[in-house]
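Sequences listed follow chains A and B, in order.
Note that this note's numbering numbers the first sequence so that position 104 is 684, with each residue one more than the last.
Note that this note's numbering numbers the second sequence so that position 191 is 771, with each residue one more than the last.
There are 2 protein chains.
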Amino acid sequence: MDLRQLRYFVAVAEEGHITRAAERLGMQQPPLSQQIKAIEQELDLQLFRRKARGVELTDAGRVLLDQARAVLERLDHALLLTRRTARGEQGRLSVGIAPTAPFHPFVPQVMRAFRQAYPLVSVIFDECLSRQAVEQLCGEQIDVAFVRAPITDPQGLVVHTLLEEPMVAALPASHELAGDPRSEPLALRALAEESFILFGGSAGPGIADASLAACYRAGFSPRLGQRAPRIASTLGLVSAGLGVALVPASIQRLQVDGVAYRRLLPRERPTAVLNLILRQNDPSAVVRNFVDMVRRAARDDRWIKEQLE
Amino acid sequence: MDLRQLRYFVAVAEEGHITRAAERLGMQQPPLSQQIKAIEQELDLQLFRRKARGVELTDAGRVLLDQARAVLERLDHALLLTRRTARGEQGRLSVGIAPTAPFHPFVPQVMRAFRQAYPLVSVIFDECLSRQAVEQLCGEQIDVAFVRAPITDPQGLVVHTLLEEPMVAALPASHELAGDPRSEPLALRALAEESFILFGGSAGPGIADASLAACYRAGFSPRLGQRAPRIASTLGLVSAGLGVALVPASIQRLQVDGVAYRRLLPRERPTAVLNLILRQNDPSAVVRNFVDMVRRAARDDRWIKEQLE
DNA sequence: CAAAATCCATATGCACAGGATATGGATTGC
DNA sequence: GCAATCCATATCCTGTGCATATGGATTTTG
């Protein structure tokens, strides 16, 4: 049994005439008659009753017509899904995302754009720190990750830098240095005597490293306060007056009672990067589309430039 | 796109090797490679990644594998249903049935046998008198009918006589002639003065005609009492003492308070036939199977002979 | 490290399936 | 009774799909 024969059968059944069906199929009548006969012989049953004017479906023929339509439809559907998958319009995408990444407008913005452009791709988010991201990428648990670590490509992975943003100081609101957000940039040295709350824990080289490095460059060894695993708890500790923290500028969108932000002097302030990381040679078209879109957005997006001041 | 190609694809996908798949398909490797390539070109996408040892499905290939299996399964199913229909193992059967027919054991017996032999045929019953049966057969509302009329084939229909059974008299239990069922057969003349309740109404030449004809043959014109449309009301009237009725012997299975049955003298008693009626040249295999089974059962069934005494 | 092995791709030849043309036969309609 | 309609059969031919032979790439083995 052959799809061509199935299509021939459907055409004949729908037209009720072999001649007319042949016309519709762009062929001559005799070979079509032959094919119909061949099907009947193969199935060892009659599909049509030959009448003086045209042909008429038998019961079996009627059943086959229904079924054949379903099969052909199913096949079209199959090819559609396959093509969509090949184009990366359909499938799954597992995205690892650093805890501070969602606060930068770029991330939700590009995610929204992607979901709109590829509505049939089901996107799953998984919050993870940079070290976990690398592991989960290698273990195929996630396909791409937004991370804040300035990773130099580990084996088998590719890192794309999407943007850099300045970091700002988060101070207790009661702190003497906590002024209006519009106040003059702060010199890092002014914080030399403060406890520094390190954000991100020891899970990976990320924001904490950048903060410390900046302090060293500014000429002092910061007093280390508590470590907080997440951004919320970090700001909580700051709010409680347990110390100060350096956080990406985009975190300022998170207004917390008792926490004030201050910009730092451009010359000495650390920067936080946002990197996109993925498996090298990942053949997934979904991943390719995603990465393309994210990188293009990062390049084009005016917002970034404003943010860099 | 071709079913053959689809099967080739599934084989290669399942084996992970073109060479091995070719073996399984009973062909050589080069043409199989060609066909796979042809599919990929037609769909304009990659289904496999060629590795050093064998081939590996791409995402699109994985999707197509799933879908292709479904399509092939669907096709097998389609052919199965078609074959079943052609064999008359599947479909619908609308059976008209005379009101008195179900009381003869033959009818439920053969219906049970049919449903057992052809469980996928959905049988629909429709009680109807002989005239309606003819109409509904011609109008294709029913496919076959059990009727009690001795119809001579109307145009386009075929009648098969399944069995004949004697008729018996149904008397009010209080009637002087109402004796033990085992009493001697009654002479029809003995009922000459009774009111005859005609069963079946005027809807068709059936039992009522046979009853009257028998009376005429026995030498008297029966006094006509009420007409009753159905067997239950007929026996109700008898029970109420409004007259007597002649009914098929098999009706005796219907024991009604106040109604006694008596056999009639073999020489003069009327007989009730049970006929199977259907459209001539009905192409339905289901009907053919049904008629074959019913007729065979009617011929073979010992029960009938006993009933004929 | 070279040689064998494995497996896919390409090249070429051939056989057959499927389509075109021509024609016959049956039924219907005027 | 003749024309028209439509399916079936016969014959020929083209193109497709398979087989055989061979090349190329990578892995395994001695």
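Virtual Cβ for every residue (Gly too), placed ideally from N, Cα, C.
As the structure is a prediction and not an experimental result, all values here were calculated from the model.
Within the same chain, and ignoring the five residues on either side of residue 817(B) in sequence, the residues whose Cβ sits closer than 8 angstroms to its Cβ are 777, 805, 806, 808, 823 and 825. Counting along the chain, residue 841(B) sits inside the beta strand (DSSP E) bounded by residues 839 to 842. At least one C-beta of chain A is nearer than 8 angstroms to the C-beta of residue 582(B).
Within chain B, 639 have C-beta atoms less than 7 angstroms from the C-beta of residue 864(A), given in sequence order.
A straight line joining the alpha-carbon of residue 691(A) with that of residue 813(A) spans about 26 angstroms. Taking 8 angstroms as the upper bound for CB-CB distance, residue 717(A) and residue 859(A) are in contact here, some 6 angstroms apart. Counting only residues of its own chain and dropping the five nearest sequence neighbours on each side, residue 871(B) has a CB closer than 8 angstroms to the CB of 724, 740, 856 and 858. Judged by DSSP in its simplified three-state form, residue 670(A) adopts coil rather than helix or strand. Short of 6 angstroms from the beta carbon of residue 604(B), and not among the five residues preceding or following it, lie these beta carbons of its own chain, in chain order: 591. From the beta-carbon of residue 751(A), no residue of chain B is found nearer than 8 angstroms; the closest lies around 49 angstroms away. For the C-beta of residue 663(B), the chain A residues within less than 9 angstroms are, from N- to C-terminus, 623, 624, 625 and 640. Residues of chain A with a Cβ closer than 7 angstroms to the Cβ of residue 721(B) do not exist; the shortest Cβ-Cβ separation is about 17 angstroms. At a cut-off of 8 angstroms between beta carbons, residue 659(A) contacts chain B.
Around the beta carbon of residue 743(A), 16 or more other beta carbons sit within 10 angstroms, so the residue counts as buried.
With a 10 Å radius around the Cβ and a threshold of 16 neighbouring Cβ atoms, residue 800(B) comes out exposed.
For the pair of segments examined, the stretch 837 to 849 of chain A was found to touch the stretch 757 to 771 of chain A: the number of CB pairs separated by less than 8 angstroms reaches three. Residues of chain A whose Cβ lies closer than 9 angstroms to the Cβ of residue 604(B) do not exist, since the nearest Cβ in that chain is about 20 angstroms away.
Taking a C-beta distance under 8 angstroms as the contact criterion, residue 670(B) and residue 661(B) qualify as a contact pair.
The residues 677 and 679, in chain order, have a CB closer than 7 angstroms to that of residue 707(B) in the same chain once the five nearest residues on each side in sequence are set aside.
Contact annotation: residue 830(B) and residue 685(B) have beta-carbon atoms nearer than 8 angstroms.
Unbroken alpha helix (DSSP H) stretches of 4 residues or longer found wholly inside the stretch 805 to 838 of chain B: 811 to 819, given in chain order. Between the beta-carbon of residue 672(B) and that of residue 702(B) there is about 5 angstroms, and that keeps the pair under the 8 angstroms contact cut.
Closer than 8 angstroms to the CB of residue 647(A) there is at least one CB belonging to chain B. The contact set of residue 643(B) on chain A, defined by CB atoms closer than 7 angstroms, consists of 661, 662 and 665 in chain order. Taking C-beta atoms under 8 angstroms as the contact rule, residue 848(B) and residue 772(B) fail to qualify, at a distance of about 12 angstroms. Counting C-beta atoms within 10 angstroms of its own C-beta, residue 796(A) has fewer than 16 neighbours from the protein chains shown and is therefore classed as exposed. Residue 790(B) is a Cβ neighbour of residue 851(B), given a cutoff of 8 angstroms. Residue 657(A) and residue 596(B) have their alpha carbons spaced roughly 24 angstroms apart.
Within the stretch 752 to 780 of chain A, the runs of beta strand (DSSP E) at least 3 residues long that lie entirely inside it are, in chain order, 775 to 779. Taken atom to atom, the span from the alpha-carbon of residue 594(A) to that of residue 722(B) is near 26 angstroms. In terms of Cβ geometry, residue 693(A) and residue 873(A) form a close pair [threshold 8 angstroms]. Residue 638(B) is positioned such that its CB atom lies closer than 8 angstroms to that of residue 863(A). About 37 angstroms separates the beta carbons of residue 866(B) and residue 750(B), which is beyond the 8 angstroms limit, so they are not a contact pair. Interface with chain A (8 angstroms Cβ-Cβ cutoff): residue 743(B) is excluded. Annotated as distal: residue 769(B) and residue 853(B), with beta-carbon spacing of 8 angstroms or more.
Assignment of residue 707(B) by DSSP, reduced to helix, strand and coil, places it in the strand class.
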